[in-house]
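Let me begin by presenting the structure, written as structure tokens, before commenting on it.
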Amino acid sequence: MKKPIIGITLDSEKEKTYSNFPWYALRENYLTSLTKFNAIPFPLLHEKKYISDFCDLIDGLIITGGNFDIDPKLYKASNIKSKNIKNKRTNFEIGIFKNFFKYNKPILGICGGAQVINVACGGTLIQDLKKEPINHEQINPRNQTSHNVNILENTKLHKICGTQKIKVNSAHHQSIKKIGKELKISCKANDGVIEGIEHKKHKWCIGLQWHPEFLITPYDLQIIKNFIDESK
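Residue numbers (this note's numbering): 11 to 242.
So, in structure tokens, the structure goes:
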């Protein structure tokens, strides 16, 4: 069987830490979590003119997290606590999401990627979470879990995980506020923060606020594996 090709979005930086010129960034385990299940990662540069070509090429799409916030103007809000706005990245990700959505092939939004999906569907964001009762930017390393999420029944996520409560890692200061059109909530943290969404009318379109690519728990493995299986 042909290995599925998974398009995966990149973060971008201008700081002169790696190069004196602008550069793309992607944590290694975004890629290795896919190759573990025999998929081929295909990083996507932020060029809207190639969106149609990318969509024809790839079998699944991952919209990643990163060091950025979405411009609040895109969800008709004033900037209160948003930072590191990267409009070229966000505009590309919204564009490829809307285009690839029509193919009805699997889409996974991770952390900021889940927020991109929500905004692309007309939803809004909480621009800065309070640290109590749960610190959603965990102090312990990202390859460890920090809090529970409660999975709702009658969701694709529940079908994949087969349970109502799992432990996740956490690395975000923003979260989903009003969910977008035709989306539904799939899980929440104990403090009510939305941790997962999915599209009602798409074969496989899920956004998760945590980082399953770390493959910390069996449920992270099941999510990534199911995403790739559906991409074949």
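The beta-carbon is built from N, C-alpha and C at its ideal position, and this holds for glycine as well.
C-alpha distance - residue i paired with residue j, whole-angstrom precision
i, j, result
"Phe64", "Ser185", "28 Å"
"His72", "Glu25", "Note that residue 72 corresponds to Ile in the displayed sequence, not to His. Their backbone Cα atoms lie some 25 Å apart in a straight line."
"Trp33", "Asp21", "9 Å"
"Leu41", "Gly17", "10 Å"
"Leu44", "Gly190", "28 Å"
"Leu167", "Ser196", "6 Å"
"Lys12", "Lys86", "43 Å"
"Trp205", "Arg37", "Per the sequence shown, residue 205 should be read as Glu rather than Trp. Between Glu205 and Arg37, the C-alpha separation is close to 21 Å."
"Asn114", "Lys108", "11 Å"
"Lys46", "Asn97", "32 Å"
"His221", "Gly76", "11 Å"
"Leu67", "Glu57", "15 Å"
Element boundaries [beta strand (DSSP E), containing residue i]
i, result
"Phe47", "From DSSP, Phe47 is part of no beta strand (DSSP E); its letter is neither H nor E."
"Leu16", "It should be noted that the sequence gives Ile, not Leu, for residue 16. Counting along the chain, the beta strand (DSSP E) containing Ile16 begins and ends at 15-19."
"Ile144", "First-last for Ile144: undefined, no H or E at that position."
"Ile117", "117-120"
"Ile149", "Here Ile149 belongs to no beta strand (DSSP E), and DSSP marks it neither H nor E."
"Gly217", "215-218"
Close Cβ partners of residue i (< 8 Å) along its chain, the five nearest in sequence each way excluded
i, result
"Pro82", "Ser88, Asn89, Ile90, Ser92, Leu135, Gln137"
"Leu55", "Leu20, Tyr34"
"Asn153", "Asn179, Phe224, Ile226"
Own chain residues within Cβ distance below 6 Å of residue i, not counting five before or after
i, result
"Tyr229", "Cys171, Ile176"
"Glu103", "Thr19, Ile73, Val126"
"Pro51", "Ile16, Ile18, Leu41, Leu44"
"Gly217", "Gly119, Ala124, Ile127, Ile207"
Residues near residue i in its chain [Cβ-Cβ closer than 7 Å; skip 5 each side]
i, result
"Phe110", "Cys65, Leu71, Ile117"
"Phe79", "According to the sequence displayed, residue 79 carries Asp and not Phe. Ser92, Lys93, Asn94, Ile95, Gln184."
"Glu192", "Cys131, His209, Lys210, Lys211"
"Asn150", "Ser156"
"Asn48", "Lys13"
Unbroken alpha helix (DSSP H) run spanning residue i, endpoints
i, result
"Ala231", "At residue 231 the sequence reads Leu, which differs from the Ala that was named. 228-241 is the span of the alpha helix (DSSP H), which, as asked, contains Leu231."
Interface flag, residue i vs chain C, CB-CB below 8 Å
i, result
"Ile95", "Considering every chain present, this structure includes no chain C. It has just one protein chain."
| With contact counted as at least three CB pairs below 8 Å, one residue from each stretch, are the region 192-206 and the region 137-156 in contact? | yes
Enumerated in chain order, which unbroken segments of the beta strand (DSSP E) with a length of 3 residues or greater are wholly contained in the region 25-106? 33-35, 50-54, 70-73
Threshold first: 3 residues or longer. Then list the beta strand (DSSP E) segments lying entirely within the region 155-213, N to C.
157-161, 175-178, 193-199, 204-209
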